[in-house]
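Notes follow once the structure below has been shown.
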Amino acid sequence: MLERIQRWLHNLAYKNRRSIKPGNFVLLPASSERQMKKVTIKLGGRNNRLVFGEGVVISHCEIRLDGEDNLIEIGARARFSSGKIYLRRTCGQHIRIGADTTVEGAYLLVDEAASIDIGNDCMLSTDILIRTGDKHSIIDVASSQRVNLARDVRIADRVWVGRDVQILKGTVLQPETVVGACSLVSRAFDEGHCVVAGVPAKIVKRGIRWDRSLI
């Protein structure tokens, strides 16, 4: 009972808000809830899951999850300092953020049949957009078929994404990749240990690894 009161007081003091429709599931360990500040969680739809690992630090963030049979999972000791995580209007998709990954500011959006995977020990700067679709349709005139279908985004372990980067549908980044600031990434890369940069992003340097410390 005392722990429940302490949680309630913490959420009140730090302006955390939750709206969870019955039929959905949230796993939020106490070690993560204690470190939430100004976090809004809205779960609708049916049979959706929001799962936090131990020791997650999240603040100034809005999480929206609806549709059906979808999953948002944030790994142990991850940090998400500002932004939005939206998984909406689809079925059987996921957004996964790996353990020990840090995000200073990002908008993650899945609203079609595609998913986002971010690996372990990644480092994302501020003003980052990651999305699996285009939000609107592009139609082929001859066939009347839509041609801009959503595609997965896969970011492997140990990827560093610089400030003001857009990562679009179909992107694949391999381990030990650095993405230069203000780049637009919209393709699958088949090699790691490299720097990609530009609009559109291309490999500009090979044979590197990165470190959080300024050596």
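Using this note's numbering, the first residue of the sequence shown is number 1220, and each one after it goes up by one.
Built from N, CA and C at the ideal position, the CB exists for glycine as well.
Bear in mind that the values here come from a model prediction, so they are computed numbers and not experimental data.
Assign R1428 to one of three DSSP states: helix, strand, or coil.
-> Here residue 1428 refers to the residue found at position 209 when the sequence shown is read from its first residue. Note: R1428 maps to coil in three-state DSSP.
Can you say whether V1280 is buried or exposed, counting buried as having 16 or more other CB atoms within 10 angstroms of its CB?
-> Numbered from 1 along the sequence shown, position 61 holds the residue referred to as residue 1280. The amino acid at residue 1280 is misidentified as Val; the sequence shows Cys. Counting Cβ neighbours within 10 Å, C1280 comes out buried, since at least 16 surround it.
A1332 vs Q1312 beta-carbon contact at 8 Å | Position 113 of the sequence shown, counting from 1, holds the residue named residue 1332. Position 93 of the sequence shown, counting from 1, holds the residue named residue 1312. Yes, the Cβ-Cβ distance between A1332 and Q1312 is below 8 Å.
Roughly how many angstroms lie between the CA atoms of D1409 and I1316, to the nearest whole one?
-> Sequence index remark: in the sequence shown, residue 1409 carries index 190 (1-based). Sequence index remark: in the sequence shown, residue 1316 carries index 97 (1-based). Using only the alpha carbons, I get a separation of about 21 Å.
Assign D1359 to one of two classes, buried (16 or more other C-beta atoms within 10 Å of its C-beta) or exposed (fewer than that).
-> Translated into positions along the sequence shown, residue 1359 becomes position 140. D1359 is exposed by the Cβ-count criterion.
Flag this pair as yes or no: are the beta carbons of G1381 and A1407 separated by less than 8 Å?
-> As a position in the sequence shown, residue 1381 is number 162, starting the count at 1. As a position in the sequence shown, residue 1407 is number 188, starting the count at 1. No.
Proximal residues to D1285 (C-beta, below 6 Å), its chain only, five neighbours per side dropped = On the sequence shown, residue 1285 is found 66 positions in, with the first residue counted as 1. Here the set comprises G1263, G1264 and R1307.
Continuous beta strand (DSSP E) stretch holding H1355: start and end | Within the sequence shown, residue 1355 is the residue found at index 136, counting from 1. From DSSP, H1355 is part of no beta strand (DSSP E); its letter is neither H nor E.
Which residues in the same chain as S1344 place their Cβ atom closer than 7 Å to its Cβ, once the five residues preceding and following it in sequence are excluded?
-> Working through the sequence shown from its first residue, we reach residue 1344 at position 125. The residues are E1323, V1380, G1381 and R1382.
Confirm, please, whether the CB-CB distance from I1314 to L1348 is below 8 Å.
-> Indexing the sequence shown from 1 puts residue 1348 at position 129. Indexing the sequence shown from 1 puts residue 1314 at position 95. No, Cβ-Cβ distance for L1348 and I1314 is not below 8 Å.
Opposing strand residues paired with D1371 [DSSP bridges] = Looking up residue 1371 in the sequence shown gives position 152. In the DSSP assignment, D1371 forms no beta bridge with any residue.
Just confirm the distance between the C-beta atoms of A1420 and V1391, as a whole number of angstroms; I'd bet it's less than 8 Å.
-> As a first step, residue 1420 must be located in the sequence shown, where it is residue number 201. As a first step, residue 1391 must be located in the sequence shown, where it is residue number 172. At roughly 12 Å, the Cβ-Cβ gap does not stay under 8 Å, so A1420 and V1391 are not in contact.
Whose C-beta lies closer than 7 Å to the C-beta of D1346 among residues of the same chain, with five residues either side of it excluded?
-> Along the sequence shown, read from residue 1 onward, the residue named residue 1346 stands at position 127. Cβ neighbours of D1346 beyond the five flanking positions: G1324, R1382 and D1383.
When the Cα of A1369 is compared with those of D1376, D1353, S1362 and V1378, which residue comes out closest?
-> Numbered from its first residue, the sequence shown carries residue 1369 at position 150. Looking at the Cα atoms, D1353 is the closest of the given residues.
If we ignore side chains and look at the alpha-carbon of each, how far apart do E1287 and D1330 end up?
-> Taking the first residue of the sequence shown as position 1, residue 1287 is located at position 68. Taking the first residue of the sequence shown as position 1, residue 1330 is located at position 111. Taking the straight line from one Cα to the other gives about 12 Å.
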